[in-house]
Amino acid sequence: WPFLAPYIARINALKKERNAVILAHNYMTPDIFHGIADVVGDSLQLAIEATKTDAQVIVQCGVHFMAETSKILNPDKTVLIPDMRAGCSLASSITGADVRLLRQKYPGVPVVTYVNTSAEVKAETDICCTSSNARDIVASLDSDTVIMIPDQYLAKNVARETGKRIITWAGSCEVHDRFSADEIREFRKHHPGVMVLAHPECPPEVVLEADFAGSTSGMINYVKDHRPAQVVMVTECSMGDNVAAELPGTEFMRPCNLCPHMKRITLPKVLEALEQMKEEVVVDPEIAERARGAVQRMIDFNK
Ligand code: 13P
Ligand code: SF4
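Here is the structure:
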């Protein structure tokens with residue numbers, strides 16, 4: 036991408052000047068993923084990396100809840116997001132007040148919150164989870180009934196895997212709930228032998244059609260380990276684009292869907308963020324303190 040090269044050079048130089056690190060999610064476009072990111076990964080990996088960095092500034096190339104998680108874990112650092120409007124349909128589906136009402140309705144039932152939520156929601160929570168540790172965290176809880184919010188599909192997928200009774204919320208990912216089991220079956224009919232990988236934010240009937248379901252990094256590692264001739268990743272389109280060059284023997288097929296929130300993050304906006312030190316992600320210290328407990332318990336679980 037020759038017209039992007041000046042952006043990449045300028046961003047990489049500014050990172051040094053600002054003592055900044057770029058944490059980029061697997062859904063970023065290849066120019067960001069390969070050109071400027073210091074760390075790439077799924078939500079759990081990015082949260083863990085956020086606890087390890089020495090940089091004074093974190094530029095989060097991802098959506099707002101990811102930047103908030105970095106800030107929760109680093110109250111004294113500056114966390115920037117290149118577009119404040121990069122939201123998430125799951126994060127916007129539930130508020131802290133909703134969680135308090137759930138607790139009143141189901142007293143004593145532990146609350147597991149998907150990391151795709153606001154700091155305010157995390158603050159009302161016992162422990163966070165991501166798609167890569169949701170099953171194990173729910174299984175580890177000493178309770179047959181668990182409140183797991185806000186992704187109804189992830190919750191149903193985890194209920195099937197753990198045998199626990201899960202009380203959930205009506206949230207869903209606008210990218211993954213567009214896939215259907217019929218679409219996957221039809222696709223397999225036309226491409227016999229294709230490997231199908233799905234994200235656990237997909238509806239359970241879609242996950243059941245897949246050969247493997249896992250987090251974004253889980254899917255990438257699965258393809259790297261198995262090197263199929265053809266694969267379809269039932270998730271966001273940048274996933275295949277980012278690893279295709281490394282795996283020339285694998286054809287990455289459609290369907291996939293774009294996340295409009297993730298796609299708000301572009302090279303020009305990252306450059307602007309570093310030049311102007313904007314937009315700063317701020318979390319009320321009292322909320323951050325309470326949310327940190329839930330996020331830290333998740334990180335400790337994975338140690
Ligand atoms: P991962 O934690 O699997 O990277 O998922 C984040 C996300 O937003 C998926 O839609
Ligand atoms: Fe949220 Fe879905 Fe976009 Fe992930 S892909 S950030 S869950 S809207």
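Going left to right, the sequence shown walks through residues 36 to 338 as UniProt numbering numbers them.
Note that beta-carbon positions come from the ideal geometry of N, C-alpha and C, so glycine has one too.
What span of residues does the beta strand (DSSP E) with residue i cover, start to end?
i           : result
Ala72       : Here Ala72 belongs to no beta strand (DSSP E), and DSSP marks it neither H nor E.
Ala216      : No beta strand (DSSP E) holds Ala216; the alpha helix (DSSP H) holding it covers 216-225.
residue 417 : Because residue 417 is not part of the residues shown, which for the chain are 36 to 338, the question remains open.
Thr104      : Where Thr104 is concerned, there is no enclosing beta strand (DSSP E), although the alpha helix (DSSP H) it sits in stretches over 99-108.
Leu232      : 230-233
Measuring only from the beta carbon, is residue i closer than 8 Å to any heavy atom that is part of the ligand SF4?
i      : result
Cys291 : no
Val210 : yes
Asn47  : no
Val241 : no
Leu232 : no
Asn277 : no
Leu58  : no
Leu125 : yes
Tyr257 : no
Glu236 : yes
Cys294 : yes
Asn151 : yes
Val229 : no
Glu84  : no
Glu271 : yes
Tyr42  : no
Met297 : yes
Tyr62  : yes
Val316 : no
Val330 : no
Val98  : yes
Using alpha carbons as the reference points, say which of the options lies closest to residue i.
i      : options                        : result
Val316 : Val92, Pro263, Ala126          : Val92
Glu281 : Leu108, Cys123, Asp260         : Asp260
Met333 : Ala190, Val267, Arg120, Leu176 : Leu176
Pro41  : Gly70, Thr130, Ile184, His60   : Gly70
Cys164 : Val156, Gly284, Tyr149, Glu155 : Tyr149
Gly206 : Glu271, Ala216, Asp186         : Asp186
Arg327 : Ser153, Val75, Ile43           : Ser153
Arg200 : Ala216, Val181, Asn192         : Val181
Asp246 : Pro65, Tyr257, Thr86           : Tyr257
Phe222 : Arg195, Gly253, Val269         : Val269
Arg325 : Ala126, Lys298, Val156, Met101 : Val156
Leu39  : Thr86, Thr301, Ala323, Lys191  : Thr301
Ile322 : Glu103, Ala90, Asp66           : Glu103
Ala126 : Arg170, Asp171, Phe100         : Phe100
Since residue i is in the alpha helix (DSSP H), which residue starts that stretch and which ends it?
i      : result
Thr251 : 251-261
Val278 : 273-278
Val269 : It is not in any alpha helix (DSSP H) - Val269 instead sits in the beta strand (DSSP E) that spans 265-269.
Gln336 : According to the sequence shown, residue 336 is Phe rather than Gln. Run containing Phe336: 320-336, per the alpha helix (DSSP H) assignment.
Ala44  : 40-53
Glu314 : Glu314 -> no alpha helix (DSSP H), and no H or E assigned at all.
Ile172 : 169-175
Is there at least one Cβ from chain B nearer than 9 Å to residue i's Cβ?
i      : result
Thr251 : The chain inventory of the structure shown lacks chain B, comprising one protein chain alone.
With residue i and residue j assumed to form a contact (beta carbons below 8 Å), what rounded beta-carbon distance in angstroms separates them?
i      : j      : result
Leu79  : Asn337 : 7 Å
Arg213 : Asn292 : 6 Å
Cys208 : Ser105 : Going by Cβ atoms, the distance from Cys208 to Ser105 rounds to 21 Å, so no, they are not a contact pair.
Ala72  : Met63  : 7 Å
Thr160 : Val146 : 5 Å
Ser178 : Asp77  : That pair is no contact at about 26 Å.
Ala308 : Leu58  : About 13 Å separates the two Cβ atoms, so there is no contact after all.
Tyr188 : Glu244 : About 13 Å separates the two Cβ atoms, so there is no contact after all.
Val98  : Ala121 : 5 Å
Leu306 : Arg45  : 6 Å
Met274 : Asn61  : 6 Å
Arg262 : Gly228 : Going by Cβ atoms, the distance from Arg262 to Gly228 rounds to 13 Å, so no, they are not a contact pair.
Met254 : Val267 : In fact, because the Cβ distance is near 11 Å, the residues do not count as touching under 8 Å.
Ile162 : Ala329 : 6 Å
Glu310 : Leu49  : 7 Å
Inset, instruction - Starting from the N-terminal end, write out each residue whose C-beta falls within a distance shorter than 5 Å of any non-hydrogen atom of the ligand 13P. - result: Taken from the N-terminal end onward, the list reads Asp77, Ser78, Thr165, Ser166, Ser250, Thr251.
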